[in-house]
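Single-structure report; data block below.
Protein chains: 2
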Amino acid sequence: MTARIIDPAEVARAYRDGIRGEVAALESPLTLVGFLSEDGGPSRTYASYTRKGCEDVGIRFDLRKVTRLQAEAAIEAANEDPDVHGMLVYYPVFGTQQDTYLRDLVEPRKDIEGLHSFWARCLYGNRRTYDDGKKAILPCTPLAILKLLDAAGASTTDADQPYAGKRVVIFNRSEVVGRPLASMLANDGAEVTSFDIDGPLRFVPRGTEVGHAVEETSVTRGEALSAADVVITGVPSRSFALVAAHELRPGVVAVNFSTLKNFADDAKEVASSFVPRVGPMTATMARRNTLRLYLDRD
Amino acid sequence: MTARIIDPAEVARAYRDGIRGEVAALESPLTLVGFLSEDGGPSRTYASYTRKGCEDVGIRFDLRKVTRLQAEAAIEAANEDPDVHGMLVYYPVFGTQQDTYLRDLVEPRKDIEGLHSFWARCLYGNRRTYDDGKKAILPCTPLAILKLLDAAGASTTDADQPYAGKRVVIFNRSEVVGRPLASMLANDGAEVTSFDIDGPLRFVPRGTEVGHAVEETSVTRGEALSAADVVITGVPSRSFALVAAHELRPGVVAVNFSTLKNFADDAKEVASSFVPRVGPMTATMARRNTLRLYLDRD
Numbered sequence: 137m138t139a140r141i142i143d144p145a146e147v148a149r150a151y152r153d154g155i156r157g158e159v160a161a162l163e164s165p166l167t168l169v170g171f172l173s174e175d176g177g178p179s180r181t182y183a184s185y186t187r188k189g190c191e192d193v194g195i196r197f198d199l200r201k202v203t204r205l206q207a208e209a210a211i212e213a214a215n216e217d218p219d220v221h222g223m224l225v226y227y228p229v230f231g232t233q234q235d236t237y238l239r240d241l242v243e244p245r246k247d248i249e250g251l252h253s254f255w256a257r258c259l260y261g262n263r264r265t266y267d268d269g270k271k272a273i274l275p276c277t278p279l280a281i282l283k284l285l286d287a288a289g290a291s292t293t294d295a296d297q298p299y300a301g302k303r304v305v306i307f308n309r310s311e312v313v314g315r316p317l318a319s320m321l322a323n324d325g326a327e328v329t330s331f332d333i334d335g336p337l338r339f340v341p342r343g344t345e346v347g348h349a350v351e352e353t354s355v356t357r358g359e360a361l362s363a364a365d366v367v368i369t370g371v372p373s374r375s376f377a378l379v380a381a382h383e384l385r386p387g388v389v390a391v392n393f394s395t396l397k398n399f400a401d402d403a404k405e406v407a408s409s410f411v412p413r414v415g416p417m418t419a420t421m422a423r424r425n426t427l428r429l430y431l432d433r434d
Numbered sequence: 137m138t139a140r141i142i143d144p145a146e147v148a149r150a151y152r153d154g155i156r157g158e159v160a161a162l163e164s165p166l167t168l169v170g171f172l173s174e175d176g177g178p179s180r181t182y183a184s185y186t187r188k189g190c191e192d193v194g195i196r197f198d199l200r201k202v203t204r205l206q207a208e209a210a211i212e213a214a215n216e217d218p219d220v221h222g223m224l225v226y227y228p229v230f231g232t233q234q235d236t237y238l239r240d241l242v243e244p245r246k247d248i249e250g251l252h253s254f255w256a257r258c259l260y261g262n263r264r265t266y267d268d269g270k271k272a273i274l275p276c277t278p279l280a281i282l283k284l285l286d287a288a289g290a291s292t293t294d295a296d297q298p299y300a301g302k303r304v305v306i307f308n309r310s311e312v313v314g315r316p317l318a319s320m321l322a323n324d325g326a327e328v329t330s331f332d333i334d335g336p337l338r339f340v341p342r343g344t345e346v347g348h349a350v351e352e353t354s355v356t357r358g359e360a361l362s363a364a365d366v367v368i369t370g371v372p373s374r375s376f377a378l379v380a381a382h383e384l385r386p387g388v389v390a391v392n393f394s395t396l397k398n399f400a401d402d403a404k405e406v407a408s409s410f411v412p413r414v415g416p417m418t419a420t421m422a423r424r425n426t427l428r429l430y431l432d433r434d
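Rendered as structure tokens:
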């Protein structure tokens with residue numbers, strides 16, 4: 137058996153078509169503002185991808201170059217500006233804890249990345265709506281991975297708990313991807329084992345009201361992997377021991393969102409589906425969040 | 137000339153007497169809850185100091201031991217509990233970015249440390265009141281340093297801008313002490329030069345409405361120190377070159393809040409006042425914030 141390779145750009149296409157159609161039907165232009173504080177580096181490249189992605193679906197992208205010291209006032213002005221519908225801050229700005237301060241300075245209803253603590257609290261508490269029925273925004277990369285898992289056939293048809301009975305292993309527990317992703321999957325019924333440098337944790341489903349609970353565990357990598365229906369990796373280190381075929385259940389769905397390779401080549405021989413990267417889907421989900429926040433604005 | 141040594145425990149006494157009197161006059165008990173997630177280490181020691189400090193002024197201190205995984209739910213329950221008037225979380229809980237999430241999970245009106253982003257936004261925007269006239273809470277250590285500067289005679293009698301015309305140098309720009317302290321002093325009229333590992337910044341006064349602005353600067357340590365009326369250090373590194381007498385203006389007020397020595401011994405020979413540590417005053421300001429939040433609760 138060789139895994140079906142899932143191309144995130146391909147899966148994203150249908151979403152982009154949908155977004156393009158909805159944006160075209162809007163009566164006024166939809167504007168996303170990006171704040172870039174560095175002249176070079178990966179942020180600049182990422183901003184040019186954002187521009188292309190926005191143009192592709194008809195969203196106006198307004199990239200504003202700011203110094204690190206201008207960023208705070210620029211974000212506050214954009215918070216108040218009714219013509220700014222979404223915001224994207226390219227980090228690092230200071231490269232210190234001050235960036236965390238900036239991140240939470242963005243008005244949640246303009247935070248298209250879904251990283252504001254307002255959205256994090258919704259997610260961890262399994263509160264799926266806010267303001268009397270508006271759907272809560274989810275962080276882009278975890279949301280992208282959920283959509284790719286759907287495309288890979290990893291979910292069930294249970295509308296309330298699409299991951300009921302599924303076992304998931306995630307290598308990464310960052311605040312940006314790994315922890316929210318584990319929580320979202322457990323809210324959807326999965327039993328998730330989360331590995332990070334400070335050890336494993338279990339995210340266990342607790343029904344649609346509570347969502348999930350988190351528990352300490354002493355499960356080993358080998359035990360968790362051999363039972364997993366889904367394995368998701370996001371380890372940005374070359375010293376990580378690649379996940380190999382002999383560790384995996386035949387038919388597993390495998391996803392890597394690290395920029396480094398986290399699966400050994402032979403993993404594809406046992407997996408039913410393999411998602412080698414997530415990036416294009418993340419960018420599409422950012423556009424989707426932009427549209428959603430626009431439609432749900434007061 | 138030899139500097140007058142300011143003992144923070146001595147300065148704190150008058151504040152403690154005031155707090156004790158106000159607490160004694162309350163009709164119902166005032167309860168501060170501490171959350172401790174480690175069995176040993178500095179947090180446990182700090183918690184025992186908190187207990188002593190609370191007992192000294194008549195505040196009930198309820199120390200709750202929680203596992204790291206219980207902390208989130210415990211904070212949320214205390215947020216809702218009308219019998220909990222203030223909260224203190226002993227970090228590290230996770231020792232990762234997740235601790236930042238926990239910090240902002242504390243209801244601001246129970247955050248006696250004044251570290252919630254709600255209070256930070258008040259401070260950086262020079263909004264000194266909230267909810268129609270209640271005085272905003274300030275973070276304990278910067279507030280303690282301001283009170284010690286008063287005791288050292290560093291401020292003027294200008295009620296609106298007590299540091300108008302004063303030049304201050306601060307070595308430390310952390311989100312917990314150095315940055316809020318620089319902002320508070322500039323809001324009060326001081327021209328502050330802030331040094332950190334990523335270079336100097338200037339915090340300049342902009343009047344009582346705006347408060348202050350922050351500017352890039354290429355000023356050197358030598359230039360800044362030779363002009364400073366007040367020098368405040370908080371560098372937790374033994375490789376920091378100690379601030380020495382020949383760098384200082386005679387009559388300078390010197391404050392060290394690092395647990396390490398940041399001034400050379402000869403600095404005392406040129407300073408008018410020297411504050412060798414801040415800790416006892418910080419603890420007293422935490423109690424003061426607890427009382428203030430209790431009195432201002434709805």
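Protein chains in written order, with the numbering used here: chain U, 137 to 434; chain W, 137 to 434.
Glycine is no exception: its CB is placed at the ideal position from the N, C-alpha and C atoms.
At a cut-off of 8 Å between C-beta atoms, LEU205 of chain W counts as an interface residue with respect to chain U.
Annotation for VAL355 of chain U: THR329, PRO336 and ARG338 place their beta carbon closer than 8 Å to its own, counting only its chain and skipping 5 residues before and after. Contact between LYS246 of chain U and LEU431 of chain U fails: their C-beta atoms lie close to 13 Å from each other, not under 8 Å. The beta carbons of ILE195 of chain W and LEU166 of chain W sit closer together than 8 Å.
Pairing VAL371 of chain W with ASN308 of chain W gives a Cβ-Cβ distance under 8 Å. Using a 10 angstroms sphere on the CB of TYR237 of chain U, the tally of other CB atoms reaches 16 or more, which defines it as buried. With a cutoff of 8 Å on beta-carbon distance, ARG239 of chain U and LEU224 of chain U are scored as not near each other. Listed in chain order, the non-local C-beta contacts of VAL147 of chain U below 8 Å within the same chain comprise LYS283, LEU284, ALA287 and MET417, local neighbours out to five positions each way being set aside.
Between LEU384 of chain U and VAL366 of chain U, the C-beta spacing is not below 8 Å. Measuring C-alpha to C-alpha distances from SER373 of chain W to each of W:ALA360, W:THR395, W:ALA214 and W:GLY387 identifies W:THR395 as the nearest. Along the segment 143-157 of chain W, none of the residues has a CB nearer than 8 Å to a CB of chain U.
For VAL312 of chain U against PRO275 of chain U, the beta-carbon gap comes to about 7 Å, under 8 Å, which counts as contact. As a beta-bridge residue in DSSP terms, ASN392 of chain U pairs with U:THR369.
Contact with chain U is absent for THR277 of chain W, since none of that chain's Cβ atoms lies less than 8 Å from the residue's Cβ.
Here DSSP, grouped into helix, strand and coil, assigns SER173 of chain U to coil.
Looking only at U:ALA381, U:THR426 and U:GLY415, the smallest Cα-Cα distance to TYR182 of chain U is reached by U:GLY415. Judged by DSSP secondary structure, ALA349 of chain U falls within the beta strand (DSSP E) whose first and last residues are 348-352. By the Cβ test, the segment 388-406 of chain W is not in contact with the segment 256-270 of chain W, since fewer than three Cβ pairs between them sit closer than 8 Å. The DSSP assignment places complete beta strand (DSSP E) segments of no fewer than 3 residues inside the segment 310-337 of chain U at 327-332, in order along the chain.
Shown in chain order are the members of the segment 233-248 of chain U whose Cβ falls below 8 Å from a Cβ of chain W: GLN233, GLN234, THR236, TYR237, ASP240 and LEU241. Taking 8 Å as the threshold, the shortest C-beta distance from ARG385 of chain W to chain U does not fall below it.
For ARG264 of chain W, there is no enclosing alpha helix (DSSP H), since its DSSP letter is neither H nor E. For the pair MET421 of chain W and ALA290 of chain W, the Cα-to-Cα distance works out to about 19 Å. Taking 8 Å as the cut-off, the beta carbon of GLN206 of chain U is found no closer than this to the beta carbon of ARG315 of chain W.
Sequence-ordered contacts of the segment 340-353 of chain U with chain W read ALA349, VAL350, GLU351 and GLU352 [C-beta pairs closer than 9 Å]. For the options W:ASP332, W:THR344 and W:THR369, the alpha carbon positioned closest to that of GLU352 of chain W is the one of W:ASP332.
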